[in-house]
Amino acid sequence: MDSKFVIVTIGIWLLFMVLAIINAVIRNEIYKPVVGDLAAHQISSIIFMAVILVVTYAILRISNLELSDFKAFFMGTIWLISTIAFEFIAGHYVFGNPWEKLLADYNLFEGRIWSLVLLIILLAPYIANKLR
């Protein structure tokens, strides 16, 4: 694994975390009071999925990082594991969310679509790599 791959992988993921926090603040302050919790969750999830795809495509294109299909899926796997770990560790221990609230976002039958965000996080490097 070369250093450029590591830097790009970690750099994009850190950028995602910043963008996710900005997305959450916008959700909570602007449209959640108007549309309610579930619709706000769905809107912000869809926005964040689009952001993930656009940012991944743009940075991979600019960086000229050569990715095989395996490396693209490996990058996505690193992002996925890091995101889930961050969500549960920071979500519970730093932000004080109960485990039940964190797990509730995975319930597709209740309209919570966070699982789709995680799927996009996993697949974004592969998709972006195929499009460039």
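Using our numbering, read the sequence shown as starting at 18 and increasing by one per residue.
Where a beta carbon is used, it is the ideal one built from N, C-alpha and C, also for glycine.
All values reported here derive from a predicted model rather than from experimental measurement.
1) Using the Cβ count rule (16 or more neighbours within 10 Å means buried), how would you classify Y123?
2) Is F103 near M34, with beta carbons less than 8 angstroms apart?
3) Let me know the secondary structure DSSP gives I137 once reduced to three states.
4) Taking 8 angstroms as the cut-off, decide whether the C-beta atoms of G93 and L32 are in contact.
5) CA-CA distance, A75 and R149?
6) Could you tell me the boundaries of the alpha helix (DSSP H) in which L119 lies?
7) If you count every other CB in all the chains shown that lies within 10 Å of the CB of R44, and 16 or more means buried, which is it?
8) From I69 to P142, what does the alpha carbon distance come to, in whole angstroms?
9) By the DSSP assignment, the alpha helix (DSSP H) with Y74 in it spans what residues?
10) Could you tell me whether the Cβ atoms of L82 and K21 are closer together than 8 angstroms?
11) Is the beta carbon of V72 closer than 8 angstroms to that of I29?
Looking at the coordinates:
1) Stepping through the sequence shown from its first residue, residue 123 is reached at position 106. Result: exposed.
2) If you number the sequence shown from 1, residue 103 lands on position 86. If you number the sequence shown from 1, residue 34 lands on position 17. A contact, by the Cβ cut-off of 8 angstroms.
3) The residue you call residue 137 lines up with position 120 of the sequence shown. I137: helix per DSSP, three-state reduction.
4) The residue given as residue 93 occupies position 76 in the sequence shown. The residue given as residue 32 occupies position 15 in the sequence shown. No. Outside cutoff.
5) If you number the sequence shown from 1, residue 75 lands on position 58. If you number the sequence shown from 1, residue 149 lands on position 132. Cα-Cα distance, rounded: 9 angstroms.
6) The residue given as residue 119 occupies position 102 in the sequence shown. From DSSP, the alpha helix (DSSP H) with L119 extends over 116-121.
7) As a working note, residue 44 is residue 27 in the sequence shown. R44 is buried by the Cβ-count criterion.
8) Your numbering for residue 69 matches position 52 in the sequence shown. Your numbering for residue 142 matches position 125 in the sequence shown. For I69 and P142, the distance between alpha carbons rounds to 9 angstroms.
9) Along the sequence shown, read from residue 1 onward, the residue named residue 74 stands at position 57. That run of the alpha helix (DSSP H) goes 54-80.
10) For the purposes of this step, residue 82 is taken as residue 65 along the sequence shown, with counting starting at 1. For the purposes of this step, residue 21 is taken as residue 4 along the sequence shown, with counting starting at 1. Contact flag set, yes.
11) By one-based count along the sequence shown, residue 29 stands at place 12. By one-based count along the sequence shown, residue 72 stands at place 55. Their beta carbons are under 8 angstroms apart, which means I29 touches V72 by this criterion.
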